[in-house]
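Here the structure is laid out as structure tokens; the discussion comes afterwards.
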Amino acid sequence: MTFAVTVLLILLASSPAISKSTSRCFESIISFGDSLTDTGNYDLLCPRNDPPNNSRPPFGRTFFHYPTGRCSDGRLVIDFIAQSLGLPLVQPYIAGKRGGRRFSEGVNFAVVGATAIDVQYYEKMGLHPATNASLGVQFDWFKHLLADIPVSLHGIRAPIGIESNLRRGVKHHNTII
């Protein structure tokens, strides 16, 4: 299903007729996933004295001209989707936690090596995933981000599936999740 949604978003974003009409239909992107969408979280989670391979060349050389923490030598599909919708590239959540970035135009929770099932399941089987940032952990980060939104802002239309958590309100916006 995720693949189908990604393909649909790519087709929508790449269609010239639709692209012009939807370019500001969405005001932000919220991304979850693994290396296919990680824009730097894994890099920021690794110890500085043992950086991952994607924090060194040749990663990032064709677009950014320096490593960005993406598992690519350039942009990821999520970057192309953001650009086609007229949005800035989606920032990694961990960078915002450390540097006080604001995520009004999107946030990326994806981490290289993330699993759909919590890491404890794999550890019981004697397996050790590269990261403990499973989809459940990413959803917890998202909940923390929502809890940090100032209560003084009102009128948000909730992103898919979390309307009940946002009844206390924030600025209205449309979001791709």
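For the sequence shown, our numbering assigns the number 262 to the initial residue and increments by one for each residue that follows.
Don't be surprised by glycine CBs; every beta carbon is placed ideally from N, CA and C.
Which residues DSSP lists as bridging residue i, in chain order
i, result
"I291", "V368"
"P353", "N369"
Rounded straight-line distance, which links the Cα of residue j to that of residue i
i, j, result
"I342", "L350", "9 Å"
"K385", "D379", "11 Å"
"R339", "L306", "Strictly speaking, residue 339 in this sequence is Ile, with Arg absent from that position. Cα to Cα, I339 sits roughly 20 Å from L306."
"R336", "F324", "7 Å"
"L388", "Q381", "9 Å"
"Y327", "V372", "19 Å"
"A391", "F364", "27 Å"
"R317", "H405", "31 Å"
"V398", "S345", "29 Å"
"F403", "P319", "31 Å"
"R429", "N310", "Unreliable positioning characterises R429 in this predicted model, as indicated by a pLDDT of 37, which lies under 50. The coordinate reading is nonetheless provided below. Distance between the alpha carbons of R429 and N310 is about 42 Å."
"F293", "P308", "22 Å"
"Y383", "D401", "19 Å"
"V368", "T329", "15 Å"
"L297", "C332", "7 Å"
"G301", "A377", "19 Å"
"R359", "F370", "14 Å"
"A408", "P353", "18 Å"
"A356", "Y303", "10 Å"
"E288", "D299", "20 Å"
"G321", "D334", "4 Å"
"P375", "N314", "The displayed chain sequence assigns Ala, not Pro, to residue 375. Near 16 Å, if we compare the C-alpha coordinates of N314 and A375."
"C286", "S395", "30 Å"
"V366", "P312", "For the record, residue 366 in the displayed sequence is Glu; it is not Val. Rounded to the nearest angstrom, the two C-alpha atoms are 28 Å apart."
"L348", "N393", "30 Å"
Opening and closing residue of the alpha helix (DSSP H) in which residue i lies
i, result
"L408", "Leu is not the amino acid found at residue 408; the sequence shown has Ala there. Run containing A408: 396-408, per the alpha helix (DSSP H) assignment."
"G299", "One point to set straight first is that residue 299 is Asp, not Gly, in the sequence displayed. Per DSSP, D299 belongs to no alpha helix (DSSP H) and is neither H nor E."
Query - alpha helix (DSSP H) segments (min. 4 residues) lying fully within the region 311-348 - result: For the region 311-348, whole alpha helix (DSSP H) runs of length 4 or above, ordered along the chain, are 338-345.
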